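For reference, the structure discussed in these notes is given below.
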Amino acid sequence: MVFQQIFDGLTLGMVYALIAVGYSLVFGILRLINFSHGSVYAFGAHIALVVVVSMQWGVIWGLCISIIVTGLLGVAIDKLSLEPLRKKGSKPISALITTIGVSYIIQNLLMILLGSQSKWFPKLFDYGRLHIFGRIGISYTQLGIFLVSVILLLFLTVVIQRTKIGLAMRAVEQNPKAAHLMGIDVNRVVSFTFFLGGASAAIAGTLISGYYQVVYFNMGFIAGLKAFSAAVLGGIGVLYGSVIGGLVVGLSESFAASYLGGGYRDAIAFLILIIVLILKPNGLFGKKAVEKV
Amino acid sequence: MNKTNIIKGISAKFIDKINEKPILRLTLIGLGILWMIMIPRLGASSFFIRVLTMIGLYTILALSLNLITGYTGQVSIGQAGFCAIGAYTSALLNVNFGLNYFITSLCGALMAGLFGFLLGLPTLRLSGPYLTIATLGFGEIVRMIALNFDKLTNGPLGISGIQRPLIFGFQLTALNGGFYYLVWALVILITLFLYAIVRSKMGRALMAIRDDELVATLMGIKTTRYKVAAFSISAVIAGIGGSFYAHMIRYIDPNTFNFDISILIISIVILGGMGTIRGMFVGAALLISFPEILRFASAYRFVIYGLILVIMIRFRPQGLFGGQSSAKYVLPKGVKVGAKDGIA
Amino acid sequence: MKKVLAFLLVVVLCLGLLAGCGAQEDEPAGTIKIAVAGPLTGDFAEYGTGFKNAVELMAEQWNANGGVLGMNIEVVPFDDKNSGEEAASIAERIAGDADILAVVGHFASGVSMAASPTYQEAGIIEISPSASHPDYSKAGDYIFRNNTVIHIEAKEALDLATKVAGAKKIAVMSVKTDWGTSTAAIVKDLLEGYEGVELVAHEEIIDGTVDFSPTVTAFRKAEPDAIVVVGMYNVLAPFATQYKAVDPEVDLIGFSNAYSQELINLGKGFVEGVYLPAIFFHGSEDEDIKTFVDSYVEKYKVVPSSLTAQAYDSMGIILTAIETAESTDKEVIKDTIYTLDYPGVTGDTHFDEQGDAQKTFTWIQVQDGTFVQIPK
């Protein structure tokens, strides 16, 4: 049974990792905690829901359309609310409060426009279950999530490390002014980053909905916070850290649920968050930011 | 053009006059208080009194948040957690030991203050956004403990049958306007208290921390001490709010003080103006009353709270009443004014 | 700018305060007002809307027959946003409106309990179609509960599990809400009275959980024949999906508040075979029930759930009491309610001294994607 719990925890962890990657991406480039990411994830899931269930166009279309629309939402959030703050040179806390406000707006609009009841979503990779060692059951859907997370991670890493735009992103992260002076259009890079963040949220939303088969308007709130804990644990800004952090949070949650009872399950992620913040705010793999006086 | 100028002109004269002569200001406030006292006597509906009571309660909560956010510059989105601690402490003391409101409220406030202190200490090393996230985590953990720690808090069943406050054997009820007077009495006391803090050495220290913590440290201000103190006092006030709620609604459960409440409080503070006391009254009045007045908007109210956060931060981060005060700056005693031929 | 604001503020506040001492609207004589309160927005909007729809339907039907005591019935809806604070505020408003005689609401126990003291104090009849907290109806003699009493429903669920599903090893999964916790405790208590049947596991989950893997793993170890799910459809459906994927043979038993078309919409094939005790069956052959279901579907395009039907009956009880008492005096109406035996779509309803309703149950199973009544 312990092995099954471990595996459940790992799957749960991959779910959080998928979402956490979005936080890391934006923080890595902008040093901004994008609190709205959770609601964007819920938004992505709902777009996929509309395309796949209401319009019956199939999962592939659902995923593609969701990626584009949600990515654009990410860009819109930046352009409308965050870019003006950057221009004004506001304190980082202003951006955080703004993203909190945005998350509230998106989440509640989803509820008002699409209804508060839970909705059904078809299962992805529905090919049945594998059995390892005779006793541990793994469904192909879980394998699918695992695979997609890894592919997404690799894809993002390649983009950042090997492409021109990735180079621009790294430059902006190091020093926006210098990057600007070198001829990089900083705003375009930031928009692209937000697009990627939104797209990854869409992928996460579609996949996870296809696993649990439920879509509901506040699915982004708790999952988003837990994924945020995962990102912080792994070192926010470091992509592979999000995956590791996600796995740790997932495993902890699985064991907490089994041994402490379902009620304390959500609390574990928050506990991890606070402990990490107090003991090692940069997380496991994070880089220390040098604050110049 | 002309009309706006006229209004500007009248307003400027009116406000300047008030600022110049403290007597006028006090008279205006005194009249205001008198008016507030008379309202229930003049036959206002119990619903209207109730809205005013809730405005009072949220003014208290906004004042509490304002101390650490507006004056000390530490944004907290976990105030609901302190309210919950105050409320549960009060409720448990009342239901299990029959203690009266004034005692339970005191205990609730102190308990909340204790947790404010405990939360303040370790999190003070955190900077801006990280501190805020930690406060969020705190609020949620309080809620989860309330939900799961059945033996103490009765879990999801909550605590019911909390008794109304008794003053010399006289029960305060909604019908006799008791809660209305109580909450506004609390508001006045807390406002005076905060006013005193803001004008004191502590207040200046807090504002220095808000404006530039590094410089404040270099100037010799013991920032840690002041930050923890601000956190604790803020928690105490939030706890008072929570206790009041428990005795008024007489039933609380873990979901009563959730993240939505924390968001509402910070929206009030940001709308009214961080770092201003009068802004809290206005913010609370606006945000609590509008769902009642504009019924069609009440379904959208969380969207509106979110919009307020986004729009205010974008266009007027100092809030409606924030920014440079138009009152004359009163120098503390013992400070000598410089010579007239201008030292910079 | 600030000075303008401050000045305008003083002016507006003065006006606002003056306005507040304002007058009530005058109602045309010959109208009776009944309020319905519940979450019309927010997480549980579907339930509050169901209440409102049901109450309005009942009012419409009575009005078409000349109203009650010759007077027109007006329904006043309130959105409590599932918040105790809001509910208490609504209770104040209702108390302040002399024309409102009774209120059908609220939805959640905690929310209802935040409002009941005000209703009791003001002498306004409150009938909640869904409150389940044991203390709810103790708030006073004006407070009624037209919902199943947990003890009786728990017994029905266990009977379904043991007598129909034939289970010997039973596991219980409950949501951590006031209803879930109380019901689970009663289920476990009653289970001891069943010969040869043992409780093999009990897991609590937070309402709104979609990931049941720890529960599934824990239960698998205990190997139950049947699982009693103390949760509404939003929990039962995903749980069924996840558990049946590893053990398709298990029997699942839910409660009457999971009886809603949404259960099938969300669970699809996985909720096939789920058993539910219910006090309302929408496919019943009974004429009154058929008429109700048909008119509800015609007007609102969805099949009414059990809770909706309970709200419908609650309104019917109020109106019948007014008519029987031949009075609009709230106290008289309240006393009359205690004497009534109301034949509603949720069975014959009679309130005991505490204000709780005694109901008879039918048994339902999901077969071929629809709800079917099974013999007792």
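Protein sequences, first through last, are from chains A, B and C. The letter at position 162 of the first sequence is residue 162 when you use the numbering used here, and the numbering goes up by one with no holes. All you need for the numbering used here is the position in the second sequence, starting with 1, plus 1000. All you need for the numbering used here is the position in the third sequence, starting with 1, plus 2000. Note that CB positions come from ideal geometry on N, CA and C, so glycine has one too. Since the model is a prediction, treat every value here as computed from it, not as a measurement.
Closer than 8 Å by C-beta to residue i: which residues in its own chain qualify, once you throw out the five before and the five after it? Chain order, please.
i                : result
F946 of chain B  : Since the first residue shown for chain B is 1001 and the last is 1344, residue 946 of chain B is missing from the structure and cannot be characterised.
I132 of chain A  : I138
I2364 of chain C : Y2259, Y2275, L2276, P2277, A2278, F2281, F2371, V2372, Q2373 and I2374
I2318 of chain C : I2034, L2101, A2102, V2104, I2125, I2127, I2333 and I2337
G2196 of chain C : K2168
R265 of chain A  : E253, A256 and A257
Y2136 of chain C : S2109, S2112, M2113, S2116, S2128, I2143 and R2145
D2335 of chain C : A2325
How about residue i and residue j: do their beta carbons lie closer than 8 Å?
i                : j                : result
V1310 of chain B : G101 of chain A  : yes
I112 of chain A  : A1299 of chain B : yes
S118 of chain A  : L2266 of chain C : yes
A1062 of chain B : G1272 of chain B : yes
A2139 of chain C : M2113 of chain C : yes
V2302 of chain C : V2230 of chain C : no
A2226 of chain C : A2201 of chain C : no
A1196 of chain B : Y1226 of chain B : no
I1162 of chain B : A1091 of chain B : yes
S39 of chain A   : S103 of chain A  : yes
A269 of chain A  : V248 of chain A  : no
M1144 of chain B : A267 of chain A  : yes
A204 of chain A  : L18 of chain A   : yes
G2344 of chain C : D2141 of chain C : no
L1966 of chain C : G2048 of chain C : Lying outside 2001 to 2376, the shown extent of chain C, residue 1966 of chain C is not represented and no answer is given.
Residues in the same chain with beta-carbon distance under 6 Å from residue i, minus the five sequence neighbours each way, listed in chain order, please.
i                : result
E2262 of chain C : Y2233
L1214 of chain B : none
L63 of chain A   : T206
In the DSSP output, which residue or residues are listed as bridge partners for residue i?
i                : result
M2079 of chain C : Position check: residue 2079 of chain C holds Asp in this sequence, whereas Met was assumed. C:G2038.
D2205 of chain C : The identity of residue 2205 of chain C in the sequence shown is Ile, whereas the question assumes Asp. Partner(s): C:V2175.
D2356 of chain C : C:R2145
T193 of chain A  : DSSP lists no partner for T193 of chain A.
E2198 of chain C : C:K2169
K2033 of chain C : C:E2074 and C:I2100
L2252 of chain C : C:I2227
Work out the CA separation of residue j and residue i for me, nearest whole Å.
i                : j                : result
E2086 of chain C : L1264 of chain B : 14 Å
F1290 of chain B : V1051 of chain B : 10 Å
E2323 of chain C : Q2367 of chain C : 41 Å
V2076 of chain C : I2094 of chain C : 9 Å
T70 of chain A   : K164 of chain A  : 23 Å
L82 of chain A   : V26 of chain A   : 12 Å
T1053 of chain B : G1279 of chain B : 17 Å
D2251 of chain C : A2161 of chain C : 8 Å
I77 of chain A   : A42 of chain A   : 15 Å
Y1180 of chain B : G1032 of chain B : 15 Å
F2255 of chain C : M1036 of chain B : 51 Å
Y2300 of chain C : E2092 of chain C : 30 Å
Per DSSP, what kind of secondary structure is residue i in: helix, strand or coil?
i                : result
S2128 of chain C : strand
G286 of chain A  : coil
W2363 of chain C : strand
L130 of chain A  : strand
K2376 of chain C : coil
W120 of chain A  : strand
D1150 of chain B : helix
K1336 of chain B : coil
N2265 of chain C : helix
G2022 of chain C : Confidence at G2022 of chain C is low in this model, with a pLDDT of 47, below 50, so the placement of that residue is unreliable and no value is reported for it.
H2350 of chain C : strand
Can you give me the Cβ contacts of residue i inside the same chain, cut-off strictly under 7 Å, excluding the 5 residues immediately before and after it?
i                : result
G2369 of chain C : I2264
T1123 of chain B : L1131 and A1134
D2043 of chain C : N2082
Q1171 of chain B : R1164
G1120 of chain B : K1227, V1228, F1231 and S1232
Would the C-beta of residue i count as close to the ligand SAM, meaning under 7 Å from any of its heavy atoms?
i                : result
Y2233 of chain C : This structure simply doesn't include the ligand SAM, nor any ligand for that matter.
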